[in-house]
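Residue 823 in my numbering is what sits at position 823 of the sequence shown, and the numbering runs on without skipping anything. Glycine is no exception: its CB is placed at the ideal position from the N, C-alpha and C atoms. On a predicted model such as this, the values are computed, not experimentally measured, just so you know. Since the structure comes first, as structure tokens, the remarks are kept for the end.
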Amino acid sequence: MRMKPFLKKCLTLLLTLTAVLSVLPAKLTMAVSERATITFDYCYDGAGNTMHYQKTYSHNGRTCAYAGEAITRIYADGENAYCIRPGMPLNTGDVLQKDASALWKGLSQQQRDTTNLVLLYGAQGSMASLSGTESEKVLATSLLIWEVTTGCRKAVAPYDRTDSKFYEGMCADGANSQVAKNYNQIVTSMKNHKAIPSFASVSKDSAAKQMKWDGKNHVLKIQDENKILSKFNFISSNSDVKVSASGNTLTVTSAKAISGQVQVSAVKKVPAVSSSAKLVAYGDPALQDIVTGVENTAAVNAYMNVETPYGHLKIVKTSEDGIVEGLKFHITGNGVDQTVTTGKGGTMKVENLVPGTYTVTELTENRYETQKEQKVTVTGGETTQVDFSNTLKRGSLKVTKTSEDGLKEGVKFRLYGTALSGEAVDAYAVTDKSGIATFLNILIAGTKPYTLEEVDTALRYVVPPSQQVAINWKNVINATMTNTLKKFRIHAVKADQETGKAQGDGTLSGAVYGLYDKETLIDTYTTDAEGTFTIKEYTCGDHWTIREITPSEGYLLDETVYPVGAEAKNYTVERNLISRDVAEQVIKGRISVIKHTDDGSTAIETPEEGAEFQVYLKNAGSYEKAKDTEKDLLVCDSNGYAETKDLPYGIYTMHQTKGWEGSERIEDFDVFVSKNGEVYRFLINNRPFESYIKVVKQDAETGKTIPLSGAGFQIYDEAGNLVTMQYTYPEITLLDTFYTGADGCLVTPESLSFGNYTLVEVQAPKGYVLDKTPIPFQVSQDNSSKENSVTIVTVEKQDLAQKGKIVLTKTEEDFSGVQVSGYDVVLVYNYGHGKLNFL
1 MRMKPFLKKC LTLLLTLTAV LSVLPAKLTM AVSERATITF DYCYDGAGNT
51 MHYQKTYSHN GRTCAYAGEA ITRIYADGEN AYCIRPGMPL NTGDVLQKDA
101 SALWKGLSQQ QRDTTNLVLL YGAQGSMASL SGTESEKVLA TSLLIWEVTT
151 GCRKAVAPYD RTDSKFYEGM CADGANSQVA KNYNQIVTSM KNHKAIPSFA
201 SVSKDSAAKQ MKWDGKNHVL KIQDENKILS KFNFISSNSD VKVSASGNTL
251 TVTSAKAISG QVQVSAVKKV PAVSSSAKLV AYGDPALQDI VTGVENTAAV
301 NAYMNVETPY GHLKIVKTSE DGIVEGLKFH ITGNGVDQTV TTGKGGTMKV
351 ENLVPGTYTV TELTENRYET QKEQKVTVTG GETTQVDFSN TLKRGSLKVT
401 KTSEDGLKEG VKFRLYGTAL SGEAVDAYAV TDKSGIATFL NILIAGTKPY
451 TLEEVDTALR YVVPPSQQVA INWKNVINAT MTNTLKKFRI HAVKADQETG
501 KAQGDGTLSG AVYGLYDKET LIDTYTTDAE GTFTIKEYTC GDHWTIREIT
551 PSEGYLLDET VYPVGAEAKN YTVERNLISR DVAEQVIKGR ISVIKHTDDG
601 STAIETPEEG AEFQVYLKNA GSYEKAKDTE KDLLVCDSNG YAETKDLPYG
651 IYTMHQTKGW EGSERIEDFD VFVSKNGEVY RFLINNRPFE SYIKVVKQDA
701 ETGKTIPLSG AGFQIYDEAG NLVTMQYTYP EITLLDTFYT GADGCLVTPE
751 SLSFGNYTLV EVQAPKGYVL DKTPIPFQVS QDNSSKENSV TIVTVEKQDL
801 AQKGKIVLTK TEEDFSGVQV SGYDVVLVYN YGHGKLNFL
């Protein structure tokens, strides 16, 4: 007898309450505030050690943790909290707003539900059932929340993990083992959360199971292959039907026959919290978002219906392909209109049928030829058998072969895949003289077509892409395959083998290269301004090479034969660009000097030891701007000899920077290094330095040149001897005093050799005070200059202009006279007459 719906609901509610109370944790609720203040603490293992991350990992471009970094846990208002945006910043004292997490709102409902499930089986809802320290329990829970909210773990059963970076970051190589243990325990609990006994169903309308008479009671003993009976409480909808569980066996008994079906309900014992407990998300757009708390999840219910049978019908299925399980049959008659499916062995038993005649029709799968319906009579208390057998559908395929070079006979093809019947198909066919390959009597394809591909394609061809071919029943399907030859192009880059770029005045452009097939020159190419060239397209082969025919300016001919690497076996596509580097050796030479210093008056040359030269590429502009490889500093040895290192091709400037005191320095000159291995030798001789002396007379107050002639000067050498000079035209005349011309300057008629001298003024120009103070000067190349191609040393001499004084005497008489004393003039005037007269 059926129980009334109200009683049924009450029993279900009681059963659910019993399951909840049996797993109710000690801590049920947490106060929910509008804002949460964040704090942190380090995590410790069972030995009291600080826990650390094992690997550095990131998510969405943000680094979440670094290897060796100490692990911390989050508290929101002192309660355990869990971040859901790995890698975002969050610091102690930060305040997050309730329901302000855009990420949480953007998660799917499945992700939010799964996050709650993690918390329920994790530290929030099942703290006591986990092992280790609280930190180890919280961290295991956190790992799973990160995986769920970032998509690294699926949010639907069986909750498979898709990315292990979070787990590996904390537990790689067996580290933090207690966290890993709790992690795996939570995962197992989640996977089993919705698991129900193997014999039960989530639907209340599942097929009834048959109870059998054992001579005393109607009994059904059923084994739970999932071995989880202990996690459920069971109740029957009929008080006459008793239910008990022992181990993995559920026993349903009734002392009397049952009219209709009786439902056995099961409610799973899952962790539970207070009905007022909530899972709350806090967030801030610029900070880390968190969740805290936990909520109860929906009850997990299972159902099983039981009844007593009438008569039975057994369907036995055979098939050409041996597939007999899962085939559908439609049964009608005597109020029955149902579809059944064969099980293992190709049988299906339809029980509790009213005795009578039934029509059985196979809902033939598309892979089989159509079957005829059968009539069968069912007798009460007996099982009647009906047999069906199927033949698979077939079709054919014709493949037409073409190729770029005309070859089409003897090409092998493979056709493979899974037939509609589920059987594996793997067949081969070879083209005839006309290029046709035929596959006969092939099982028709399923929803996924067969794959047709060419086998053992010659290396010179691109392997044609496979094709998807659907074989249809009783039809011949046509397909076409074409072979295309592999081709190549070369992009060559010419580079200096030492620096990669051109050295000196050399260039990488203008080099001529030949493309050879074996020893036959096929084409030539010239490098551009960047030192590169690209050839046109050729068919791949085994003997292609490139060789330099004409080198670029400043470089040696490269006699290397460069294999192109255009062998067909190296490539899989039609058009292939090959990059090839060719190395070049720049022409190099050296410059040597032998430096002497003498006036040539003797036959003995004097080496100028220590003379120094800067050698640099002229185009660089200066020694300082030249590259290290394009300049050198020469210092002459005791033999006056010096030689540069190898310098790359180009024009170099020789610039003397040092020499013996008193000797001239040679003017800059250029050397063209143009022949490899050549030493360019120079013998340089500079006589002792001499210079003419130019004296410039200046006003001491204005600094300007005094344009007056007649200033006379004498010159004394370092020993105090008066210097004399002579000129020979129109007669030999000896000079010891030299006079300025109208421009206030003079140039000595003879030069003075290197040394220290003094200039003494012996006659001042008119209107200036004579100043005999000696003026020292030095004759040296550093002090000299060129004036009209004449080497001169300029000495400036300043004089003060002559000046007088005027004294005025005021009286009341007429002027009585004028007195002149030296340069002072005294004027006397008559004040009374109001006149001033100068005498």
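Going straight from the alpha carbon of residue i to that of residue j, what length do you get?
i      : j      : result
Ala302 : Lys204 : 8 Å
Ala492 : Gly677 : 28 Å
Ala76  : Glu365 : 60 Å
Lys227 : Phe199 : 11 Å
Thr39  : Asp45  : 20 Å
Ala100 : Ser164 : 29 Å
Thr141 : Ala123 : 6 Å
Gly834 : Glu701 : Note that Gly834 scores 45 on pLDDT, short of 50, meaning its location in the model is unreliable; the coordinates nonetheless yield the value given after this. Taking the straight line joining both Cα atoms gives about 37 Å.
Thr653 : Ile693 : 31 Å
Ser552 : Glu584 : 9 Å
Gln451 : Gly345 : In the sequence on display, residue 451 carries Thr and not Gln. Roughly 31 Å separates the two Cα atoms.
Lys518 : Glu498 : 30 Å
Tyr167 : Arg112 : 20 Å
Leu90  : Lys137 : 22 Å
Pro840 : Asn116 : Because the chain here runs from 1 to 839, residue 840 falls outside it and cannot be looked at.
Leu363 : Ala266 : 35 Å
Ser129 : Gln223 : 28 Å
Lys221 : Gln263 : 15 Å
Ser276 : Gly311 : 53 Å
Thr794 : Lys675 : 46 Å
Leu24  : Lys328 : With a pLDDT of only 42 at Leu24, under the threshold of 50, the placement of this residue in the model should not be trusted, and no figure is reported.
Where do the ends of the beta strand (DSSP E) carrying residue i lie?
i      : result
Asp643 : The question names Asp, yet the displayed sequence has Glu at residue 643. It spans Tyr641 to Glu643 - the beta strand (DSSP E) in which Glu643 sits, taken as one unbroken run.
Ile235 : Phe232 to Ser236
Ala495 : Lys487 to Asp496
Cys83  : Glu79 to Cys83
Thr249 : Thr249 to Ser254
Leu287 : Here Leu287 belongs to no beta strand (DSSP E), and DSSP marks it neither H nor E.
Contact defined as beta carbons within less than 8 Å: I believe residue i pairs with residue j. What is the distance between those atoms, to the nearest angstrom?
i      : j      : result
Met170 : Leu144 : The pair is not a contact, with the Cβ atoms about 12 Å apart (cut-off 8 Å).
Phe682 : Val593 : 5 Å
Val243 : Phe234 : 5 Å
Ile549 : Arg580 : At roughly 16 Å, the Cβ-Cβ gap does not stay under 8 Å, so Ile549 and Arg580 are not in contact.
Arg73  : Cys43  : 5 Å
Ile775 : Val747 : Their Cβ separation, rounded to whole angstroms, is 17 Å, which puts Ile775 and Val747 out of contact at 8 Å.
Gln110 : Val156 : 6 Å
Are residue i and residue j close, meaning C-beta to C-beta below 8 Å?
i      : j      : result
Asp405 : Leu485 : yes
Phe689 : Glu664 : yes
Pro765 : Leu800 : no
Ala429 : Ala419 : no
Lys105 : Glu34  : no
His59  : Ala70  : no
Gln210 : Glu307 : yes
Lys797 : Val679 : no
Ala172 : Gln54  : yes
Tyr641 : Lys631 : no
Val723 : Phe754 : no
Thr56  : Gly87  : no
Val378 : Leu353 : yes
Can you give me the start and stop residues for the alpha helix (DSSP H) that residue i sits inside?
i      : result
Arg870 : Because the chain in this structure spans residues 1 to 839, residue 870 falls outside the shown range and cannot be described.
Glu325 : Element bounds for Glu325: n/a, residue is neither H nor E.
Thr188 : Ser177 to Lys191
Cys171 : Lys165 to Cys171
Ala102 : Ala102 to Gly106
Glu731 : Glu731 -> no alpha helix (DSSP H), and no H or E assigned at all.
Would you call the segment 651-667 and the segment 608-621 touching, i.e. three or more CB-CB distances under 8 Å? The segment 651-667, when compared against the segment 608-621, does touch it at the 8 Å Cβ threshold.
Is the segment 81-88 touching the segment 180-189, taking contact as three or more C-beta pairs under 8 Å? Cβ pair count under 8 Å is below three, so no.
Counting beta carbon pairs with one atom in the segment 329-339 and one in the segment 271-289, are three or more of them shorter than 8 Å? By the Cβ test, the segment 271-289 is not in contact with the segment 329-339, since fewer than three Cβ pairs between them sit closer than 8 Å.
Counting Cβ pairs, one atom from each stretch, are 3 or more of them under 8 Å apart for the segment 695-708 and the segment 727-745? Judged by Cβ distances under 8 Å, the segment 695-708 makes contact with the segment 727-745, as three or more pairs qualify.
Are the segment 472-481 and the segment 518-527 touching by the rule of at least three beta carbon pairs closer than 8 Å? In short, these stretches do not touch, since the Cβ pair count stays below three.
I want to know whether the segment 710-721 touches the segment 754-769 - three or more CB-CB distances under 8 Å. Contact between the segment 710-721 and the segment 754-769 is present, because at least three Cβ pairs lie under 8 Å.
On the three-pair Cβ rule with 8 Å, is the segment 306-326 touching the segment 339-355? Output reads yes: the segment 339-355 touches the segment 306-326.
Please determine if the segment 506-525 and the segment 451-469 are in contact, where contact requires at least 3 C-beta pairs separated by less than 8 Å. They do not touch, by the three-pair rule.
Tell me whether the segment 500-507 and the segment 643-651 touch, counting them as touching only if at least three CB pairs, one residue from each stretch, are closer than 8 Å. The answer is yes - the segment 643-651 touches the segment 500-507, with three or more Cβ pairs under 8 Å.
Examine the Cβ distances between the segment 390-401 and the segment 439-450 and report whether three or more of them are shorter than 8 Å. As far as the Cβ criterion goes, the segment 390-401 touches the segment 439-450, which means the pair count is three or higher.
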